[in-house]
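Engineer: Its first residue numbered 187, the sequence shown is counted upward by one per residue in the working numbering. Can you read through this structure? Questions will come right after.
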Amino acid sequence: MAHRVRIEPVGREVPCDEKTTILEASLRRGIWLPHACTHGTCGTCKARIVEGRVDLGDASAFALMDFEREDGYALLCQARPLTDVVVEADVEIEEGVSFPAVDDYTGVVEEIASPAPNVRVLTVRIEGECAALPGQYLQFEVPGSDVRRAYSIARRLPEGRLEFHVKRSPGGLASEWIFTRLQAGDTVELSGPYGRFFLREGEGPVLFLAGGTGLAPIKAMLLALLEQNPMRPATLIFGARTEAELYDDRFLQELADVHPNLTYIPAVSDEQPHEARIALGRVDEVLRARFERLKGYQAYVAGPPPMVDACIAALYERRLFARDIYREDFYTAAEHGESVRSPLSRRGS
Ligand SMILES: Cc1cc2nc3c(=O)[nH]c(=O)nc-3n(C[C@H](O)[C@H](O)[C@H](O)COP(=O)(O)OP(=O)(O)OC[C@H]3O[C@@H](n4cnc5c(N)ncnc54)[C@H](O)[C@@H]3O)c2cc1C
Ligand code: FES
Numbered sequence: 187m188a189h190r191v192r193i194e195p196v197g198r199e200v201p202c203d204e205k206t207t208i209l210e211a212s213l214r215r216g217i218w219l220p221h222a223c224t225h226g227t228c229g230t231c232k233a234r235i236v237e238g239r240v241d242l243g244d245a246s247a248f249a250l251m252d253f254e255r256e257d258g259y260a261l262l263c264q265a266r267p268l269t270d271v272v273v274e275a276d277v278e279i280e281e282g283v284s285f286p287a288v289d290d291y292t293g294v295v296e297e298i299a300s301p302a303p304n305v306r307v308l309t310v311r312i313e314g315e316c317a318a319l320p321g322q323y324l325q326f327e328v329p330g331s332d333v334r335r336a337y338s339i340a341r342r343l344p345e346g347r348l349e350f351h352v353k354r355s356p357g358g359l360a361s362e363w364i365f366t367r368l369q370a371g372d373t374v375e376l377s378g379p380y381g382r383f384f385l386r387e388g389e390g391p392v393l394f395l396a397g398g399t400g401l402a403p404i405k406a407m408l409l410a411l412l413e414q415n416p417m418r419p420a421t422l423i424f425g426a427r428t429e430a431e432l433y434d435d436r437f438l439q440e441l442a443d444v445h446p447n448l449t450y451i452p453a454v455s456d457e458q459p460h461e462a463r464i465a466l467g468r469v470d471e472v473l474r475a476r477f478e479r480l481k482g483y484q485a486y487v488a489g490p491p492p493m494v495d496a497c498i499a500a501l502y503e504r505r506l507f508a509r510d511i512y513r514e515d516f517y518t519a520a521e522h523g524e525s526v527r528s529p530l531s532r533r534g535s
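So this is what it looks like as structure tokens:
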């Protein structure tokens with residue numbers, strides 16, 4: 187049964203049945219609400235239910251704490267209405283930004299490449315036009331389950347094809363399916379686009395920090411930047427544990443070779459690099475070593491949450507304001523029960 191969900195302060199109403207989250211119902215109607223992980227871990231979608239009752243769903247105890255539950259807060263990516271509901275959301279309108287509405291898509295896997303032992307690069311041809319801002323992600327449905335996992339669009343290729351980068355999480359539902367069962371020619375069910383990790387306008391220098399497959403959304407942004415504003419100075423630090431894991435290194439080096447405003451710094455943390463152009467250290471360490479002060483920069487950070495946290499600390503140390511930092515934490519089921527911070531309003535990405 188569909189209930190009426192009124193979203194304040196935008197003053198719009200959406201129908202939402204008891205199986206659909208309030209976030210999903212809103213995004214599908216083109217009402218953009220803040221969100222990042224869409225699986226109850228980051229706290230970005232937190233909002234107060236001012237009227238009516240909701241099922242709080244699978245909200246992490248750390249992203250939505252007991253006192254917040256008692257105060258009527260919910261995570262809208264988990265909350266499903268049990269009655270008509272009024273929600274008071276913290277909607278930050280960014281001038282000049284319009285988010286494409288979320289929709290369902292069917293895709294056919296055209297190619298699966300293995301550029302590193304623990305990475306697969308998928309090329310998926312999407313039926314219909316899937317608009318997304320560079321940096322946003324789609325959810326892949328894992329066949330035979332009701333599980334959906336987020337994978338960032340890494341690149342838009344001709345003829346409606348999209349590129350995705352997937353890291354193997356041993357024992358993980360989606361990545362094991364992608365690594366061991368998914369084949370070229372298979373059909374995949376997708377939805378999106380989601381997220382607020384996308385390239386902002388500006389003329390100042392940009393710093394891109396990527397760890398592992400955190401490269402995916404960063405690559406999409408970097409390519410958009412080079413296309414739209416090639417004169418804007420940009421630096422990419424791409425980190426992995428070993429040189430073998432620095433997939434796409436050749437592609438990125440060639441980009442930097444032809445774009446004088448792009449500086450590319452590959453970095454490895456667990457072995458002595460064989461080439462002088464590759465730095466030794468974690469992304470945050472290389473950042474500290476290369477930059478004294480980052481005032482005037484915009485920074486975009488993506489990868490596993492500990493890597494993102496370490497980079498944010500380094501950015502603050504180098505005097506970058508929170509308002510100039512955008513982050514995409516690749517939360518997994520492993521983080522769902524862990525101690526993820528729970529601010530009522532967090533600059534999620
Ligand atoms: C916004 C966003 C964008 C993302 N983009 C990308 C991307 O572009 N590329 C990419 O590779 N990843 C990306 N991710 C991560 C991705 O969505 C998946 O979370 C990741 O691939 C793992 O999914 P899985 O189903 O394989 O593993 P899961 O089933 O989620 O399990 C993850 C790991 O945790 C272990 N585990 C499972 N349950 C528990 C538990 N309760 N306690 C402890 N350990 C547990 C599993 O054994 C496994 O090792 C993104 C995540 C987010 C939130
Ligand atoms: S978007 Fe809802 S908790 Fe992350």
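Yeah, the Cβ is synthetic: ideal placement off N, Cα and C, and Gly gets one too.
(1) Give a yes or no on whether the C-beta atoms belonging to residue 276 and residue 220 are separated by under 8 Å.
(2) Tell me whether the segment 381-397 and the segment 306-317 touch, counting them as touching only if at least three CB pairs, one residue from each stretch, are closer than 8 Å.
(3) Return yes when the Cβ of residue 288 is within less than 8 Å of the Cβ of residue 194, no when it is not.
(4) In whole angstroms, give me the CA-to-CA distance for residue 456 and residue 430.
(5) Within 8 Å, do at least three Cβ pairs link the segment 355-370 to the segment 445-452?
(6) Should residue 247 be listed as close to ligand 2, given that the test is whether its C-beta is under 7 Å from any heavy atom?
(7) Leaving aside the five residues before and after residue 302 along the sequence, list all residues of the same chain whose C-beta is less than 7 Å from its C-beta, in chain order.
(8) Given a cut-off of 8 Å, decide if residue 267 and residue 217 are closer than it, judged by their beta-carbon atoms.
(9) Locate the beta strand (DSSP E) running through residue 351, then write down its first and last residues.
(10) Using a strict less-than 6 Å threshold between each residue's beta carbon and the heavy atoms of ligand 2, what residues do you get?
(11) If residue 420 sits next to residue 448, beta carbons under 8 Å apart, how far is it from one beta carbon to the other, in whole angstroms?
(12) Please classify residue 424: does DSSP put it in a helix, a strand, or coil?
(13) Just to check my reading of the structure: residue 406 and residue 329 have Cβ atoms closer than 8 Å, yes? What is that Cβ distance to the nearest angstrom?
(14) Applying the 10 Å Cβ sphere with the 16-neighbour rule, what's the burial state of residue 271?
(15) How far does the alpha helix (DSSP H) with residue 196 in it reach, from first residue to last?
Structural biologist: On the basis of the coordinates in this document:
(1) yes
(2) no
(3) no
(4) 11 Å
(5) no
(6) no
(7) 430, 431 and 433
(8) no
(9) 347-353
(10) 221, 222, 223, 224, 226, 227, 228, 229, 230, 231, 249, 261 and 263
(11) 5 Å
(12) strand
(13) Contact flag wrong, Cβ pair sits at about 26 Å.
(14) buried
(15) Unbroken run through residue 196: none, as it is neither H nor E.
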